[in-house]
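*Asks:* Once you've had a glance at the structure underneath, I'll fire off some questions.
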């Protein structure tokens with residue numbers, strides 16, 4: 020005997036890190052459940068979301084410390100933005116939890132980040148060292164030698180184009196006019 024049930028409110032949330040369509044047996048289930056798909060790009064493709072997510076997770080996982088808000092240093096944030104996040108948001112959550120345990124005071128610094136981020140810390144440090152070695156005279160000379168070609172000027176200086184553009188920004192130089 021089957022009895023009709025009225026007034027059932029249901030929601031099914033299905034999360035997958037892989038494409039579900041075309042995997043065979045799950046197609047029928049997918050199409051039965053898929054009323055409104057929401058596709059979110061992986062974290063590695065959304066580095067601009069990292070500061071907001073970090074702030075949210077710090078607030079979510081940190082206990083109150085005498086009214087002081089725990090923050091991430093600019094250097095630590097830069098390192099997090101350069102990491103490719105193969106574990107996506109779950110990896111970011113674990114990174115924040117790790118840093119909260121390791122930190123002293125109300126600021127999370129690079130030394131509080133997990134060892135898995137060491138290569139990105141080293142890369143960040145190397146970029147900063149290359150930037151600090153650039154001098155306005157040598158940059159102008161390289162631009163003059165290359166006829167204003169920034170890619171060739173960066174190559175002449177032994178830095179990446181993005182390093183050269185960061186140098187321009189720090190010096191207040193408009194790269195279009197240089």
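Residue numbers (the numbering used here): 20 to 197. Where is the CB? At the ideal position from N, CA and C, for every residue including glycine.
Could you tell me the distance, in whole angstroms, from the CA atom of residue 128 to the CA atom of residue 52?
*Replies:* Taking the first residue of the chain shown as position 1, residue 128 is located at position 109. Taking the first residue of the chain shown as position 1, residue 52 is located at position 33. Spanning the two alpha carbons is a distance of roughly 44 Å.
*Asks:* Can you find the residues in the same chain that come closer than 6 Å, C-beta to C-beta, to residue 176, ignoring five residues on each side of it along the sequence?
*Replies:* Locating residue 176 in the chain shown gives position 157, where the first residue counts as 1. Excluding sequence neighbours, residue 176 sits near 161.
*Asks:* Please state if the CB of residue 63 and the CB of residue 104 are separated by a distance shorter than 8 Å.
*Replies:* Translated into the one-based positions of the chain shown, residue 104 becomes position 85. Translated into the one-based positions of the chain shown, residue 63 becomes position 44. Yes. Within cutoff.
*Asks:* Please report how far the alpha carbon of residue 32 lies from the alpha carbon of residue 102, in whole angstroms.
*Replies:* Translated into the one-based positions of the chain shown, residue 32 becomes position 13. Translated into the one-based positions of the chain shown, residue 102 becomes position 83. Going by the C-alpha atoms only, they are around 29 Å apart.
*Asks:* So, residue 153 versus residue 120, is the Cβ gap smaller than 8 Å?
*Replies:* Along the chain shown, one-based indexing puts residue 153 at 134. Along the chain shown, one-based indexing puts residue 120 at 101. No, these two residues do not count as a Cβ contact at 8 Å.
*Asks:* Please confirm whether residue 111 and residue 72 have their CB atoms less than 8 Å apart.
*Replies:* Reading the chain shown from its first residue, position 92 is the one you call residue 111. Reading the chain shown from its first residue, position 53 is the one you call residue 72. Their beta carbons are under 8 Å apart, which means residue 111 touches residue 72 by this criterion.
*Asks:* Which term fits residue 57, buried or exposed, when burial requires 16 or more other beta carbons within 10 angstroms of its beta carbon?
*Replies:* Here residue 57 refers to the residue found at position 38 when the chain shown is read from its first residue. Counting Cβ neighbours within 10 Å, residue 57 comes out exposed, since fewer than 16 surround it.
*Asks:* Quick one, which of 133, 138 and 168 has its alpha-carbon nearest residue 118's?
*Replies:* On the chain shown, residue 118 is found 99 positions in, with the first residue counted as 1. Looking at the Cα atoms, 133 is the closest of the given residues.
*Asks:* Could you tell me how far apart the beta carbons of residue 77 and residue 115 are, in whole angstroms, since I believe they sit closer than 8 Å?
*Replies:* Position 58 of the chain shown, counted from the first residue, corresponds to residue 77. Position 96 of the chain shown, counted from the first residue, corresponds to residue 115. Indeed they touch by this definition, with Cβ atoms about 6 Å apart.
*Asks:* Would you please state the rounded distance, in angstroms, between the beta carbons of residue 173 and residue 180? I believe it to be under 8 Å.
*Replies:* Numbered from its first residue, the chain shown carries residue 173 at position 154. Numbered from its first residue, the chain shown carries residue 180 at position 161. Going by Cβ atoms, the distance from residue 173 to residue 180 rounds to 5 Å, so yes, they are a contact pair.
*Asks:* If you follow the alpha helix (DSSP H) that residue 154 is in, where does it begin and where does it stop?
*Replies:* Counting from one through the chain shown, the residue named residue 154 turns up at place 135. Unbroken run through residue 154: none, as it is neither H nor E.
*Asks:* Give, in chain order, every unbroken run of the alpha helix (DSSP H) that is at least 4 residues long and sits entirely within the segment 79 to 116.
*Replies:* 93 to 101, all fully within the segment 79 to 116.
*Asks:* To the nearest whole angstrom, what separates the beta carbons of residue 61 and residue 107, a pair I think is in contact under 8 Å?
*Replies:* Looking up residue 61 in the chain shown gives position 42. Looking up residue 107 in the chain shown gives position 88. About 5 Å; that satisfies the 8 Å criterion.
*Asks:* Where residue 192 and residue 166 are concerned, what is the direct C-alpha to C-alpha distance, given to the nearest angstrom?
*Replies:* The residue labelled residue 192 in the question sits at position 173 within the chain shown. The residue labelled residue 166 in the question sits at position 147 within the chain shown. When rounded, the distance between both Cα atoms is 17 Å.
*Asks:* Would you mind reading off the limits of the alpha helix (DSSP H) that contains residue 181?
*Replies:* Stepping through the chain shown from its first residue, residue 181 is reached at position 162. Unbroken alpha helix (DSSP H) run through residue 181: 180 to 190.
*Asks:* Please say whether residue 140 and residue 98 have beta carbons closer to each other than 8 Å?
*Replies:* Translated into positions along the chain shown, residue 98 becomes position 79. Translated into positions along the chain shown, residue 140 becomes position 121. Yes, Cβ-Cβ distance for residue 98 and residue 140 is below 8 Å.
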